[in-house]
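So in our numbering, spot 191 of the sequence shown is number 219, and the numbers just go up one at a time. Here is the structure we will look at, set down as structure tokens.
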Amino acid sequence: MEAYAIWNNKGGTGKSTVTFHVASRFAEKHPDRNVLVIDLCPQANSSMMLLGGGQTGENQLLRLCSQTTPHSVVGYISEAILKRHTPDASDFYVKVDSINDKMPENLYLMSGDGNLEIMASAIGDEANRTPFPGLADPWMWVHEIFSRLLRSLSKDNWTIFIDTNPSFAIYTELAICGATRLLVPVNADDSSRVAVKALFALLYGTTPPHPFFGNYTFAAKASSRSLPIPKFHLAIGNRFTQYKGAAAAFSAFSDATAEQIWTEFQAHPGRFSARTPRPSDRESFLADYVGELRDFNTAGVVAAHHGTPLSKMRQDYYSVHNDPDVKVNRSQINAGLTAVDKLVEKIDP
29 MEAYAIWNNK GGTGKSTVTF HVASRFAEKH PDRNVLVIDL CPQANSSMML LGGGQTGENQ
89 LLRLCSQTTP HSVVGYISEA ILKRHTPDAS DFYVKVDSIN DKMPENLYLM SGDGNLEIMA
149 SAIGDEANRT PFPGLADPWM WVHEIFSRLL RSLSKDNWTI FIDTNPSFAI YTELAICGAT
209 RLLVPVNADD SSRVAVKALF ALLYGTTPPH PFFGNYTFAA KASSRSLPIP KFHLAIGNRF
269 TQYKGAAAAF SAFSDATAEQ IWTEFQAHPG RFSARTPRPS DRESFLADYV GELRDFNTAG
329 VVAAHHGTPL SKMRQDYYSV HNDPDVKVNR SQINAGLTAV DKLVEKIDP
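In structure tokens, the structure reads:
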């Protein structure tokens, strides 16, 4: 069983849109598996998309989060901390097609929750409690909340996708610690190259460590406790203009960000998920560790706004926000679905 955190230490790379399209299509392609989306972003955008999109998705999200015991990540984390145990995940996730019938029947959601931001300091306080001899290390115990959830599920039946916030807040740390692999959406610009470099620094620390705050970082605390760090699995080239061909988009991506990832792989191959055979040059590395998504300026955005997988979209005019007549062509739908399928093929159950 693999758990994929969709994360980049940079906003605007389309993490929630990637989560929506990849998780729903993965579920369609693997009907024999249960697919769980855990939304650890307080904005809960991927949750709203999965729950029907637009105002419908927002209303459904508010309904889940406003229950006495929220059916959300806040409900799960709260019970885990207050009762010091591993809650039954099924008490906090929903079967998505019971709310949005356009979704595959094997897709489940533990929704995001705006209160996650409010409770972040409480989670941090719990993690930073003074450890007592003979008792569990509070920092380790809190950071393993979602990895324990994974261990409570049947390994043969589940695949997990965890949406994240770009900030490296305590709830993002929990998302990272709950994952076995990373999917990293990036833009075709130098800012994503810098963000990828920062991503590795946040997870593994800098060389040499900073003389003052080096021991206080997540990387240092995780390393001292031998806490597993998820492997880099794919960089997802997102936000490319759909009017460029794949080669042009890939070239724009590889000019900056892919070079940074390739350099990291050469220095630290153990930080990446394994491939057989192991790539021996830059070209084979990019083929293995880079996936491309089109910009979804039309079909993908409309699909997400209406909570509809691309496989169920039809050529038509759709309302999106204040525009009542956004045209979606069959060619756009097919191109987007082909791109998602190629990406999903690189994701292991």
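For glycine and all other residues, C-beta sits at the position ideal for the given N, C-alpha and C. Keep in mind that this is a model prediction, so the values were computed, not measured.
- Message: Let me confirm a value: Gly40 is counted as buried when at least 16 other C-beta atoms fall within 10 Å, else exposed. Which label applies?
- Response: To locate residue 40, count along the sequence shown from 1; it is residue 12. With fewer than 16 Cβ atoms within 10 Å of its Cβ, Gly40 is classed as exposed.
- Query: Quick one: what's Pro213 bridged to in DSSP?
  - Reply: As a working note, residue 213 is residue 185 in the sequence shown. In the DSSP output, where bridge partners are listed per residue, Pro213 has Ile264.
- Message: Measuring alpha carbon to alpha carbon, tell me which residue in Glu287, Thr304 and Glu320 is nearest Glu311.
- Response: In the sequence shown, counting from the first residue as 1, residue 311 sits at position 283. Closest option to Glu311, Cα to Cα, is Glu287.
- Based on Cα-Cα distance, which residue from Ser254, Ile264 and Asp217 lies nearest to Leu231? Walking along the sequence shown from the start, residue 231 turns up at place 203. Closest by alpha carbon: Ser254.
- Message: Using C-beta distances below 7 Å, list every residue in its chain close to Asn185, excluding the 5 sequence neighbours before and after it, in chain order.
- Response: Counting from one through the sequence shown, the residue named residue 185 turns up at place 157. Scanning its chain for C-beta atoms nearer than 7 Å, with the 5 sequence neighbours on each side dropped, one finds around Asn185 the residues Arg61 and Asn62, in chain order.
- Message: Can you find the residues in the same chain that come closer than 6 Å, C-beta to C-beta, to Arg209, ignoring five residues on each side of it along the sequence?
- Response: Stepping through the sequence shown from its first residue, residue 209 is reached at position 181. Glu30, Tyr32, Pro258, Lys259, His261 and Ser301.
- Which of helix, strand or coil does DSSP assign to Asn350? For the purposes of this step, residue 350 is taken as residue 322 along the sequence shown, with counting starting at 1. It is coil, neither helix nor strand.
- Message: Below 8 Å, how does it come out for the region 77–96 and the region 117–133: are there three or more Cβ pairs, yes or no?
- Response: The region 77–96, when compared against the region 117–133, does touch it at the 8 Å Cβ threshold.
- Who are the near neighbours of Arg303 in its chain, counting only those whose CB is closer than 7 Å to its CB and skipping five residues on each side? In the sequence shown, residue 303 corresponds to position 275, counting from 1. Same-chain partners within the cutoff: Asp316.
- Please work out which residues of its chain come closer than 6 Å, Cβ to Cβ, to Lys272, disregarding the five sequence neighbours upstream and downstream, and give them in chain order. Along the sequence shown, one-based indexing puts residue 272 at 244. Reliability fails at Lys272, whose pLDDT of 42 lies under 50, so the model's placement of it is uncertain and the value that follows must be treated cautiously. There are no such residues.
- Message: Comparing C-alpha positions only, which one of Thr192, Pro115 and Glu107 sits nearest to Trp207?
- Response: The residue labelled residue 207 in the question sits at position 179 within the sequence shown. A small correction: the amino acid at residue 207 is Ala; Trp does not occupy that position in the sequence shown. In terms of Cα proximity to Ala207, the closest of Thr192, Pro115 and Glu107 is Thr192.
- Item | Residue span of the beta strand (DSSP E) that contains Tyr317, given as start and end | What you label residue 317 is simply residue 289 of the sequence shown in a count that begins at 1. Unbroken run through Tyr317 is the alpha helix (DSSP H), Arg310 to Tyr317; no beta strand (DSSP E).
- How many Å lie between Ser359 and Asp369 at the Cα? Here residue 359 is taken as the residue at index 331 of the sequence shown, counted from 1. Here residue 369 is taken as the residue at index 341 of the sequence shown, counted from 1. Each residue's alpha carbon lies about 15 Å from the other.
- Local conformation of Leu110 per DSSP, three classes: Translated into positions along the sequence shown, residue 110 becomes position 82. Leu110: helix per DSSP, three-state reduction.
- Query: Going along the chain, which residues of its own chain have a beta-carbon closer than 7 Å to the beta-carbon of Tyr345, five neighbours each way excluded?
  - Reply: By 1-based counting over the sequence shown, the position of residue 345 is 317. Around Tyr345: Asp353, Val354 and Lys355.
- Item | Completely contained beta strand (DSSP E) runs for the region 44–105, where each covers 3 or more residues | Correct list: 62–68.
- Task: Please classify Thr234: does DSSP put it in a helix, a strand, or coil?
- Result: Taking the first residue of the sequence shown as position 1, residue 234 is located at position 206. DSSP, reduced to helix, strand and coil, places Thr234 outside both helices and strands of the structure shown, so it counts as coil.
- Query: From which residue to which residue does the alpha helix (DSSP H) around Ala150 run?
  - Reply: If you number the sequence shown from 1, residue 150 lands on position 122. Ala148 to Ala155 is the extent of the alpha helix (DSSP H) around Ala150.
- Message: Quick check on Lys249: does DSSP put it in helix, strand or coil?
- Response: Stepping through the sequence shown from its first residue, residue 249 is reached at position 221. In the structure shown, Lys249 sits in a helix (DSSP, three-state: H, G or I).
- Item | Check whether Ala319 and Gly364 have beta carbons under 8 Å apart | Locating residue 319 in the sequence shown gives position 291, counting from the first residue. Locating residue 364 in the sequence shown gives position 336, counting from the first residue. The residue you asked about is not Ala; residue 319 is Gly in the sequence shown. No; because the gap between Cβ atoms is not below 8 Å, this pair is not in contact.
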